[in-house]
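First residue of the sequence shown? That's 16 in the working numbering, and the numbers climb one at a time after it.
Beta carbons are placed, not taken as given, at the ideal position from N, Cα and C, and that holds for glycine.
Bear in mind that the values here come from a model prediction, so they are computed numbers and not experimental data.
Beneath this line is the structure, given in structure tokens, with notes to follow.
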Amino acid sequence: MQNYHNVSKGIFWAGIGAASWGVSDTVLQTLSQNINIPALWMLATRTFFSGLILLIYNLIVYRKTTFTIFKSPAVLLSIISYGVFGLGFNLYTFYISTQEGNASMATILQYLSPLFIVIGAVAFQHVRPKGTDLISFFLALLGVFFCITAGDFTHLSISFSAFIWGLASGIAAALCIVLPKKANETTPPPVVLGWGTLIAALMFNLIHPIWTNPPHVTTSLVASIACVVLLGTIIPFGLLLHASNFAPSDVVSIMDALEPIVTIILSVIFLRFHVNLIEAIGVIIVLVAIFILQQGRKVNG
Numbered sequence: 016m017q018n019y020h021n022v023s024k025g026i027f028w029a030g031i032g033a034a035s036w037g038v039s040d041t042v043l044q045t046l047s048q049n050i051n052i053p054a055l056w057m058l059a060t061r062t063f064f065s066g067l068i069l070l071i072y073n074l075i076v077y078r079k080t081t082f083t084i085f086k087s088p089a090v091l092l093s094i095i096s097y098g099v100f101g102l103g104f105n106l107y108t109f110y111i112s113t114q115e116g117n118a119s120m121a122t123i124l125q126y127l128s129p130l131f132i133v134i135g136a137v138a139f140q141h142v143r144p145k146g147t148d149l150i151s152f153f154l155a156l157l158g159v160f161f162c163i164t165a166g167d168f169t170h171l172s173i174s175f176s177a178f179i180w181g182l183a184s185g186i187a188a189a190l191c192i193v194l195p196k197k198a199n200e201t202t203p204p205p206v207v208l209g210w211g212t213l214i215a216a217l218m219f220n221l222i223h224p225i226w227t228n229p230p231h232v233t234t235s236l237v238a239s240i241a242c243v244v245l246l247g248t249i250i251p252f253g254l255l256l257h258a259s260n261f262a263p264s265d266v267v268s269i270m271d272a273l274e275p276i277v278t279i280i281l282s283v284i285f286l287r288f289h290v291n292l293i294e295a296i297g298v299i300i301v302l303v304a305i306f307i308l309q310q311g312r313k314v315n316g
């Protein structure tokens, strides 16, 4: 009975964490479209404050462990590549996809990241795909096709550019899982995330410093950025770590499906996003495809 209650707690906290990402995604669309904040300034600001908060947290909780990454060139290289090509690339591509399309479709396309990991393993490591991998691949293609055509197969419901940036975001999200593996072997996840975020912040600020041509500061802008920083990085990651204390990692990872669901619901309510039956079926098919992929990998090893 106690184990059941623990798993229930894990599911609850993981669900809240994933839902937080959904809220952040919706706010991000408002920033990118309605307030029209430049991508590079927004990302430089977001990563700087997120990284700073995480650094303070890590110094309090992990203390000297925070700086052990500098003792291992392999670990440091892993975190640098994660910050630049994983986290930085992911944040940029997702923002552009949201700006040129909408948060709902960008989130669905990013959710394909486990599929891109499998495709990468097959293409670059010559790993033989499993039966569940192939089923998931074709289901995901069908689901995405339904999502981006909305039932009218003669044109896309979002711009082609938004679609490509969304796919790139999915690839980048896959890199966020693969690139920090070496660092995760010896370094606490919050430390990896913190340094990765600060490295991404350094990269974005070298391109577009937050003090260069900043937008007009308003209460809504500050509140929106704070929401993206807290609900898009700090809170969900902390909740997922907390959830892992109660539930197995595979159970926690399944709750990630709440992110696109929450994003779509909030987009319908607040951003007047219209979802027809074909699009809804497409979303369900994509979620099922990733679930089958994850379960197949867990069972088959």
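Span separating the alpha-carbon of residue i from that of residue j
i, j, result
"Ala-15", "Leu-221", "This structure cannot speak to residue 15, because the chain is shown only from 16 to 316."
"Gly-37", "Pro-263", "22 Å"
"Gln-17", "Ser-268", "For Gln-17, the predicted model reports a pLDDT of 45, less than 50, meaning its position is unreliable; a value from the coordinates is still stated below. Roughly 21 Å between the two C-alpha positions."
"Ile-299", "Leu-213", "36 Å"
"Val-290", "Lys-79", "50 Å"
"Gly-372", "Tyr-72", "The structure shown does not extend to residue 372, since the chain is modelled only from 16 to 316, so the question has no answer here."
"Val-303", "Ile-95", "34 Å"
The alpha helix (DSSP H) enclosing residue i, as first and last residue numbers
i, result
"Gly-253", "250-258"
"Lys-196", "196-199"
"Trp-226", "It is not in any alpha helix (DSSP H) - Trp-226 carries neither H nor E in the DSSP assignment."
"Leu-182", "175-193"
"Gly-135", "128-139"
"Gln-125", "118-125"
"Leu-102", "From DSSP, Leu-102 is part of no alpha helix (DSSP H); its letter is neither H nor E."
"Leu-246", "That residue, Leu-246, is in no alpha helix (DSSP H); it is neither H nor E in DSSP."
"Leu-91", "88-96"
Three-state secondary structure (DSSP) of residue i
i, result
"Tyr-77", "coil"
"Lys-145", "coil"
"Leu-286", "coil"
"Ser-35", "helix"
"Ala-165", "coil"
"Ser-172", "coil"
"Val-159", "helix"
"Val-232", "coil"
"Thr-202", "coil"
"Ile-71", "helix"
"Asn-51", "coil"
"Phe-64", "helix"
"Asn-291", "coil"
"Ala-238", "helix"
Exposure label - residue i; buried when at least 16 CB within 10 Å
i, result
"Trp-210", "buried"
"Ser-176", "exposed"
"Asp-148", "buried"
"Asp-271", "buried"
"Gln-44", "buried"
"Asn-117", "buried"
"Phe-85", "exposed"
"Asn-105", "buried"
"Thr-169", "exposed"
"Phe-139", "exposed"
"Ile-186", "buried"
"Asp-40", "buried"
"Phe-161", "buried"
"Pro-88", "exposed"
"Ser-144", "Here residue 144 turns out to be Pro, not Ser, going by the sequence shown. Under this definition Pro-144 is an exposed residue."
Sequence-distant residues of its chain with Cβ nearer than 7 Å to residue i (five each side left out)
i, result
"Pro-229", "Trp-56"
"Ala-183", "Thr-108"
"Phe-64", "Val-244"
"Val-255", "The question names Val, yet the displayed sequence has Leu at residue 255. Counting only Cβ-Cβ distances below 7 Å, and skipping sequence neighbours, we find Ala-29, Gly-32, Val-267."
Proximal residues to residue i (C-beta, below 8 Å), its chain only, five neighbours per side dropped
i, result
"Tyr-110", "Leu-43, Ser-47, Ala-54, Met-57, Leu-58"
Cβ-based neighbour list, residue i, same chain, cut-off 6 Å, excluding 5 preceding and 5 following
i, result
"Thr-113", "Leu-43, Gln-44, Ser-47, Ala-121"
"Gly-247", "Ser-39"
Chain D within 8 Å of residue i, Cβ atoms only
i, result
"Ile-163", "Chain labels in this structure do not include chain D; a single protein chain is all it has."
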